[in-house]
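Residue numbers (my numbering), protein chains in the order written: chain A, 1 to 294; chain B, 295 to 831.
Note that beta-carbon positions come from the ideal geometry of N, C-alpha and C, so glycine has one too.
Here the structure is a predicted model, which is why all the values come from computation and not from measurement.
Structure first, commentary second.
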């Protein structure tokens, strides 16, 4: 409320518009944003466009794209609508990507911040803990976790979050270590502010830019991880996902190419869009590091 | 005879800059064998002009019109390849920060030899020999050995000498020096100025020397150009400009230069505000299984006291430990030994809660006005957060913050803005307001005016003096600049390599220094003779 009261000043609008212009200067990022918005729209409208369950058999199996009206992407090995599967799969991919990223931020940011700010033995303990996770290949760990806890949307999200937080912790730790030596932090200590207040109100807001950029790329990685898990048959058996579609049709790739091709393109395009957005965010948030404009 | 003729040079800044032109239609000549000082405050366009001549303008900044005639050709119109051939060969440049201007991974000798290589001159063997000869000429100690060292192994002054050796390698007819001594200590600065003057004389080069410091101008210039907002406001011989300036701006700049005229020190009261005894801080770096750790005595048995309402100047060169002393007093750095009492309360043994209370009485003003304010916190909040944490109701603290902004000479409306909307001098005022918000009795000002232009510096010093009188503050004023210290302080303490070598009344230290080091420090202050001349006039 108080924010809204302050808003009429021109300066309040300046930074947002400014940010948008810097972001929009990167054409690739704009394209990425458009693609992502399209994917989000498909995910939201999936139940409207394809009210039936994507698991339902609607036609003869192995129908090629455009062979039968109403099935633009054909049917799969059991006669299910591929287009419907793609639309419902978009939901799963986005949910898994976003939620698991949020969870890994929730683990990585506090750990990294504490390690960086307090240093010494706290830092040592937390970083050894982090390294423990880093020494295990993330994908192998994710497989083990999902296998132990039974494949379900929850366990997949949890497994992805557990394997992807260490880089966040490392990044936040490095940012905090460099920020805590700044004079404004010393001034805050002299003003008698508590450690928690300094860390949360003074340091972390200044470390947000790289965290946001990293998060956007982590969503992409999470989508890939989920697809890989589903491909291996470790997906939630009740949910249609892109990785599952590719995995289920890999045996017929020579006879029915479209079954693995379209979900593959969907993954590629979505991940590419997220990477483009990440790069645009990086340009917009770190204007001084942005590649030189011509 | 003019070697370089600049005519109607205009450099366009990108949209969104604070003005349209960095340099707006300036013309001047650089004559053979002269040292032309280009003086101006930050943002006056002096460095942009030099960079345009060298063809080193940043992206998005471009020359809009004008010519720079050198050896019959217009430098600004030459293709990049031709510019490259001239750079380093016919026109050389040295920069402010020799550490960043040298390649950290290349030995000094290789970097000097590389200049010949870049221009395809001499055989590799001759290049190496010339590198050693050049190192000797610029006065690097043990030239045959030092060419094998890396930049980080040299001191700041030695690095600048190496840069000068590179610049001299091909006997250029013009040397452009962009604030080459600004990052150096005053004794080193004196040596480098001496070296540049000698080399200029020996090689008959023309030197374009960019500086903000009138002391340096007095020391080295033949002719002076004063720049402001991208225009030349005054041009003339050194004596004329320094002693009989015509333009108002030059007069104001000169008036703002801290002079040697020592103000009468206020009577020192006896009640001590701060007492420091046998303070000690040792840093141990490195040291592993096989390496011997390096031990630095940053503060070595330092004792002094500050009375209520007194300003003590703590003066020393970089690395003398003066900042460490300041930070030890409020335990931003934990001292290793000794005692610090603020108004009778021992600081070194306090626990966290006690320290928080005690710190309210001793606040700090920091050097870098850009790093000392959180870029994402509004001014009012930055000032009020201390009092709020100490229990003052929020509304009251915010109102107090606005009043304080007016106290330090800013508009109360500044409270709702972010730090990036303010200039360096304004930010320093905000930093002072933040310190005052805690109603301290002692202020530690760590190089508080060093990053500011001289006219702004004078204003901030005036503000500190005024506040001291109004609130009866004690101030520990840490600085590397003896003249600035003399403007504000009642007493001066001189530090060298972690030890306090001299302490006394300002007039005594200045007119009758006891310690050898203090004498050297005073002798090295640039322009010492000039201000002397002014005084007697």
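Residue pairing by DSSP places residue 663 of chain B opposite no residue, since no beta bridge is assigned to it. At a Cβ-Cβ threshold of 8 angstroms, residue 271 of chain A and residue 77 of chain A do not count as neighbours.
Collapsing the DSSP output to three states places residue 754 of chain B in a helix.
Straight across, the Cα-Cα distance linking residue 815 of chain B with residue 481 of chain B is about 6 angstroms. Taking the beta carbon of residue 624 of chain B as reference, the chain A residues within 8 angstroms of it are 190, listed in sequence order.
The count of Cβ pairs closer than 8 angstroms, one atom from the stretch 600 to 614 of chain B and one from the stretch 755 to 771 of chain B, reaches three, so the stretches are in contact. It is roughly 14 angstroms from the alpha-carbon of residue 352 of chain B to the alpha-carbon of residue 317 of chain B. Here the alpha carbon of residue 232 of chain A sits roughly 29 angstroms from the alpha carbon of residue 37 of chain A. Short of 6 angstroms from the beta carbon of residue 275 of chain A, and not among the five residues preceding or following it, lie these beta carbons of its own chain, in chain order: 220. For residue 660 of chain B, the residues of chain A that pass the 9 angstroms Cβ criterion are 183, 184, 186 and 187, in the order they occur in the chain. Residue state for residue 654 of chain B is assigned as coil, using DSSP reduced to three classes.
Put simply, the CB of residue 51 of chain A is far from chain B, with every gap to its CB atoms at 8 angstroms or more. The C-alpha of residue 320 of chain B is placed about 38 angstroms away from the C-alpha of residue 740 of chain B.
Listed in chain order, the non-local C-beta contacts of residue 256 of chain A below 6 angstroms within the same chain comprise 62, local neighbours out to five positions each way being set aside.
At a Cβ-Cβ threshold of 8 angstroms, residue 164 of chain A and residue 260 of chain A do not count as neighbours. Between residue 160 of chain A and residue 142 of chain A the beta-carbon gap is near 6 angstroms, inside 8 angstroms, which marks them as a contact. At the C-beta level, residue 709 of chain B and residue 750 of chain B stay beyond 8 angstroms of one another. Residue 510 of chain B and residue 387 of chain B have their C-alpha atoms some 18 angstroms from each other. In this structure, the straight-line span from the alpha carbon of residue 229 of chain A to that of residue 243 of chain A is close to 7 angstroms. Here residue 608 of chain B is bridged, per DSSP, to B:772 and B:787.
For residue 702 of chain B and residue 664 of chain B, the gap between their C-alpha atoms comes out near 18 angstroms. Residue 296 of chain B has B:325 as its beta-bridge partners, per DSSP. Ranked by Cα distance from residue 521 of chain B, the options B:450, B:535 and B:809 are led by B:535. If the five residues before and after residue 462 of chain B are omitted, its C-beta is found closer than 8 angstroms to the C-beta atoms of 386, 428, 431, 432, 469, 493 and 497, all from its own chain and listed in chain order. For residue 571 of chain B, the enclosing beta strand (DSSP E) begins and ends at 566 to 579.
DSSP places residue 408 of chain B in the uninterrupted alpha helix (DSSP H) bounded by 402 to 412.
Listed in chain order, the non-local C-beta contacts of residue 145 of chain A below 6 angstroms within the same chain comprise 159, local neighbours out to five positions each way being set aside. In this structure, residue 727 of chain B and residue 755 of chain B do not form a Cβ contact; the two beta carbons are roughly 16 angstroms apart against a cut-off of 8 angstroms.
It is roughly 44 angstroms from the alpha-carbon of residue 519 of chain B to the alpha-carbon of residue 623 of chain B. At least one C-beta of chain A is nearer than 8 angstroms to the C-beta of residue 653 of chain B. Proximity of residue 670 of chain B to chain A, defined by a Cβ-Cβ separation below 8 angstroms, is satisfied.
Going by beta carbons, residue 325 of chain B and residue 297 of chain B fall inside the 8 angstroms limit. Residue 593 of chain B places its beta carbon less than 8 angstroms from that of residue 792 of chain B.
With a threshold of 16 other beta carbon atoms within 10 Å, residue 345 of chain B meets it and is buried. Taking one beta carbon from each stretch, the stretch 38 to 56 of chain A and the stretch 80 to 91 of chain A have 3 or more pairs nearer than 8 angstroms; the two touch. Sequence-ordered contacts of the stretch 218 to 243 of chain A with chain B are nonexistent [C-beta pairs closer than 7 angstroms].
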